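Residue numbers (our numbering): 471 to 797.
See the structure below:
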């Protein structure tokens, strides 16, 4: 009987879910809307129903041994989602308990960037690495730290929020309630805000003029930059400069072997990697220069959030078995 895990990525718009085997093969994947449910209990009911239907499609003998969930403000220790600003439900949601009651299997909850970090370690380019950082560049900026082979959770289960470290205390307003957070400058939303600032400052022609903020995408900005658009190129340079400076600060905390960039903005390739690496190296403490690699994630595909979430279960069970063998 083949062991399988469920991986769930709760995004602000959609929730992706899938069933995954030990080798990282996604045997089923699907999605439901996150936003169409006003009450969390209704959302959870819809998700549970979708998962049950998914399990009936698997033709071979199998056993689902756990659920891994990545979500904004996911608390690893408590198994809760706590006051997530990009989700429609407020307060503290006891998600792990709900999954255990519904399916009678272990449920591991953490923030989406931590799930990406574990996924990178289990399935991606960080295999064999014991010290690395994953930076997720989506609507916001998330980060996950692995130190000595273990995910860094911190005392309260919410360690590693680099996206909410300060770039400018009097800077852009952030959904977290602060101003000038890194994610307001370095993220899909952040680079859009930068483009609009640059359009106001520049007089040169730009194909990005006339596109509304809501319609503008990172793909449009990337394609314009490839075509040599002055504003788009300046936006990537500005974004890479800020990210590079903050990564230089991040390095001194954990001395990582590598930093992986994951998510939509990272798909711009050299447009974001070159300025980021240049400014990180320029701002690093000399002792660290030339020692820390900045690399693309090895999980850049549609199933990546599912793989990251499902890997939480394998990682949890492996660590549990190791402790049992030691003691």
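Just so it is clear, CB atoms sit at the ideal spot from N, CA and C, and this is done for glycine as well.
Since we're looking at a predicted model, the values are computed, not measured.
With burial defined as no fewer than 16 other Cβ atoms inside 10 Å of the residue's Cβ, what is the status of residue i: buried or exposed?
{"i": "residue 785", "result": "buried"}
{"i": "residue 673", "result": "exposed"}
{"i": "residue 519", "result": "exposed"}
{"i": "residue 483", "result": "exposed"}
{"i": "residue 742", "result": "buried"}
{"i": "residue 732", "result": "buried"}
{"i": "residue 684", "result": "exposed"}
{"i": "residue 554", "result": "buried"}
{"i": "residue 506", "result": "exposed"}
{"i": "residue 521", "result": "buried"}
{"i": "residue 512", "result": "exposed"}
{"i": "residue 752", "result": "exposed"}
{"i": "residue 739", "result": "exposed"}
Would a C-beta distance cut-off of 7 Å place residue i and residue j closer than the cut-off?
{"i": "residue 678", "j": "residue 662", "result": "no"}
{"i": "residue 502", "j": "residue 524", "result": "no"}
{"i": "residue 634", "j": "residue 651", "result": "yes"}
{"i": "residue 778", "j": "residue 494", "result": "no"}
{"i": "residue 538", "j": "residue 627", "result": "no"}
{"i": "residue 587", "j": "residue 624", "result": "no"}
{"i": "residue 630", "j": "residue 585", "result": "no"}
{"i": "residue 486", "j": "residue 776", "result": "yes"}
{"i": "residue 611", "j": "residue 656", "result": "yes"}
{"i": "residue 745", "j": "residue 697", "result": "no"}
{"i": "residue 496", "j": "residue 773", "result": "yes"}
{"i": "residue 783", "j": "residue 536", "result": "yes"}
{"i": "residue 701", "j": "residue 669", "result": "yes"}
{"i": "residue 566", "j": "residue 549", "result": "yes"}
{"i": "residue 568", "j": "residue 514", "result": "yes"}
Note down, in chain order, each residue of its chain lying with its Cβ closer than 7 Å to the Cβ of residue i, except the 5 sequence neighbours on either side.
{"i": "residue 754", "result": "718, 721"}
{"i": "residue 734", "result": "607, 608, 658, 688"}
{"i": "residue 601", "result": "616, 617, 618, 724, 725, 726, 727"}
{"i": "residue 708", "result": "664"}
{"i": "residue 649", "result": "639, 640, 641, 642, 643"}
{"i": "residue 491", "result": "472, 474, 497"}
Tell me which residues share the same chain as residue i and place their Cβ nearer than 6 Å to its Cβ, disregarding the 5 neighbours each side in the sequence.
{"i": "residue 747", "result": "764"}
{"i": "residue 552", "result": "543, 545, 562"}
{"i": "residue 795", "result": "Its pLDDT being 47, under 50, residue 795 is placed unreliably by the model, and the measurement read from it follows with that caveat. Result list for residue 795: empty, nothing under 6 Å."}
Assuming residue i contacts residue j (C-beta within less than 8 Å), just tell me the rounded distance between them.
{"i": "residue 605", "j": "residue 480", "result": "Not quite, the Cβ-Cβ distance comes to about 20 Å (not below 8 Å), so this is no contact."}
{"i": "residue 532", "j": "residue 622", "result": "Rounded, the Cβ-Cβ distance is 33 Å, inconsistent with contact."}
Excluding five sequence neighbours on each side, which residues of the same chain lie with their C-beta closer than 8 Å to the C-beta of residue i?
{"i": "residue 681", "result": "690"}
{"i": "residue 516", "result": "502, 507"}
Tell me whether the segment 629–645 and the segment 685–696 touch, counting them as touching only if at least three CB pairs, one residue from each stretch, are closer than 8 Å.
no
Contact the segment 528–538 vs the segment 761–770: 3+ CB pairs below 8 Å
no
Are the segment 567–577 and the segment 723–733 touching by the rule of at least three beta carbon pairs closer than 8 Å?
no
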